[in-house]
Amino acid sequence: MTTERHYLADEAATLELGADLGRRLAPGSCVYLRGDLGAGKTTLMRGLLHGLGHRGAVKSPTYTLVEPYEVGGVPIYHFDLYRLGDPEELEMIGIRDYFDGRALCVLEWPDRGRGMIPEPDLTVTLTVDGRGRQANLEWAHGQH
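According to full-length UniProt numbering, the sequence shown is numbered sequentially starting from 1.
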């Protein structure tokens, strides 16, 4: 496991880190986004998508559970499991179909899906640090 730490002074820095991650992650990757409400998870995801070339809106899938995108022929799924009552609910949306080895899957609140989602290739933990944020990246398979 390889760990990186980044200080994100503002929203622009969060977007920039997201864009960098988008360039570093391969299709088929699974990313866990951890952090309290308001820590910047959706902002990081917006940066990731924009870094890959997505030009449309990026919204939090809090009520829909998953928001699908496609960039350059690669499916990207942004999950928000915050409102999930039980991990078994993921079976009803066909969760296993999303992890087909082609898609980039990013999951906010991944602990709520425990036992139903694969282990991550990358875990990003965002914490509030004064006016900015700390981003802790844990790569499961070494430096990317």
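Backbone N, C-alpha and C fix where the C-beta goes; we use that ideal spot for every residue, glycine too. Source: prediction; values computed, not measured.
When the options are compared against residue i, the one with the closest alpha-carbon
i: Ala13; options: Gly113, Glu91, Gly51; result: Gly51
i: Leu84; options: Asp100, Thr62, Phe99; result: Thr62
i: Gly113; options: His141, Leu90, Leu15, Gln134; result: Leu90
i: Pro120; options: Gly73, Leu107, Gln134, Tyr98; result: Leu107
i: Arg96; options: Asp111, Pro118, Tyr82; result: Pro118
Cβ pair residue i, residue j closer than 8 Å
i: Ala103; j: Tyr77; result: yes
i: Val71; j: Gly53; result: yes
i: Lys41; j: Leu33; result: yes
i: Asp86; j: Trp109; result: no
i: Ala26; j: Leu126; result: no
i: Leu37; j: Gly132; result: no
i: Leu22; j: Gly101; result: Reading off the sequence shown, one finds Gly at residue 22, where the question assumed Leu. It is not a contact, given that the beta carbons lie outside the stated cut-off.
Under the three-state DSSP convention, the category residue i falls into
i: Arg131; result: coil
i: Tyr98; result: helix
i: Arg23; result: helix
i: Pro110; result: helix
i: Met64; result: Contrary to the premise, residue 64 reads as Thr rather than Met in this sequence. Correct three-state label for Thr64: coil.
i: Leu52; result: helix
i: Leu90; result: helix
i: Leu17; result: helix
Contacts around residue i, its chain only, beta-carbon distance under 6 Å, and the 5 residues preceding and following it disregarded
i: residue 167; result: Here the chain comprises residues numbered 1 to 144, so residue 167 is not present and cannot be evaluated.
i: Gly122; result: Correcting the residue type first, residue 122 is Leu in the shown sequence and not Gly. Cβ neighbours of Leu122 beyond the five flanking positions: Val31, Trp139.
i: Leu44; result: Thr14, Gly18
Own chain residues within Cβ distance below 7 Å of residue i, not counting five before or after
i: Lys59; result: Glu67
i: Met1; result: Glu138, Trp139, Ala140
Beta-carbon contacts of residue i that lie in its chain and below 8 Å, excluding the five residues immediately before and after
i: Glu88; result: Met116
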